[in-house]
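First residue of the sequence shown? That's 15 in the working numbering, and the numbers climb one at a time after it.
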Amino acid sequence: NLGVEHPKIAELIRILKPLGETDKAIVFTSFRDSVRTIWGKLTSQGFKANCLIGKRGEGGQSQTEQVKILEDMKRGAFNILVATQVGEEGLDISECNLVVFYDNVPSAIRFIQRRGRTGRRTPGRAVAFVTRGTRDEAYYWIGRRKLKEAKEVARLVKVGDVKGPLDRYLEDHHGTGMPLICADARESPSMIELLK
């Protein structure tokens with residue numbers, strides 16, 4: 015630690031200042047140390063914030079602690095949650111107006127899960143912080159590319175009674191001794207073609 019504050023902190027504070035009393039935000043970061051640093055800075059600036067981290071390892075939060083934190087957020091004890099990836103899925107996190115990607119991840123699934131914490135019932139927004147020339151920038155663009163690939167795979171999947179290219183492929187090769195390929199949206203279109 016060089017005692018220098020990353021410019022993301024000041025930008026985060028600027029973005030969070032307009033939040034109203036009933037607005038909620040989640041700030042996702044990759045490291046527990048970052049969670050604690052961001053949480054400490056926000057609370058020192060007068061924000062009502064708390065943190066959520068996984069239960070593994072030293073200093074982790076038990077599932078009971080995690081549930082209590084989420085319940086406290088729902089009842090309005092605080093309105094900003096700083097979280098590691100534990101907040102991305104599997105926990106009942108209330109609707110948020112704002113999701114901040116303090117750090118980026120090179121995963122379409124995690125990108126979608128993070129972004130999916132806002133805009134469910136009411137309009138919301140997601141903001142991604144990118145530091146030029148760092149791994150952060152590379153992860154952002156990798157995640158975007160993988161998201162585009164996932165959308166392409168999703169386009170190939172049957173929707174309702176409409177048949178897509180994958181359905182036609184299965185019909186054409188049914189009973190021909192060809193193996194059946196089952197792929198989910200995390201596979202890239204190029205991998206599906208390779209498996210064919």
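Glycine included, C-beta positions come from ideal geometry on N, C-alpha and C.
DSSP, read as helix, strand or coil, puts Val113 in strand. Shown here, Leu66 sits in a strand according to DSSP, grouped into three states. For Val119, no alpha helix (DSSP H) encloses it, and the DSSP letter there is neither H nor E. With a cut-off of 8 Å on Cβ pairs, the stretch 111–120 is in contact with the stretch 38–51, counting three or more such pairs.
The C-beta distance from Leu95 to Leu66 rounds to 6 Å, short enough to meet the 8 Å contact threshold.
A direct Cα-to-Cα measurement between Gly60 and Cys110 gives close to 20 Å.
A direct Cα-to-Cα measurement between Lys165 and Ala97 gives close to 27 Å. Cβ neighbours of Arg50 within its own chain (closer than 8 Å, five residues either side excluded): Cys65.
The residues Tyr116, Phe143 and Thr145, in chain order, have a CB closer than 8 Å to that of Lys22 in the same chain once the five nearest residues on each side in sequence are set aside. Only buried fits Asp150, as 16 or more other CB atoms lie within 10 angstroms of its CB. For a cut-off of 8 Å, the C-beta gap from Lys160 to Met87 is around 30 Å, too long to register as a contact.
When DSSP reads this structure, Leu95 sits in a beta bridge with Ile40 and Asn64. Distance from the CA of Arg89 to the CA of Gly34, rounded to the nearest whole angstrom, comes to 15 Å.
Secondary structure of Ala164 (DSSP, three-state): helix. For Arg139, the enclosing beta strand (DSSP E) has its first and last residue at Arg139 to Ala142. In the assembly as shown, Gly147 is an exposed residue. Its beta-carbon has fewer than 16 other beta-carbons within 10 Å. Per the C-alpha coordinates, the member of Ala63, Gln77 and Val119 positioned closest to Tyr153 is Val119. Per DSSP, reduced to three states, the secondary structure at Ser48 is helical.
Look at Thr57 here: in three-state DSSP terms it is helix.
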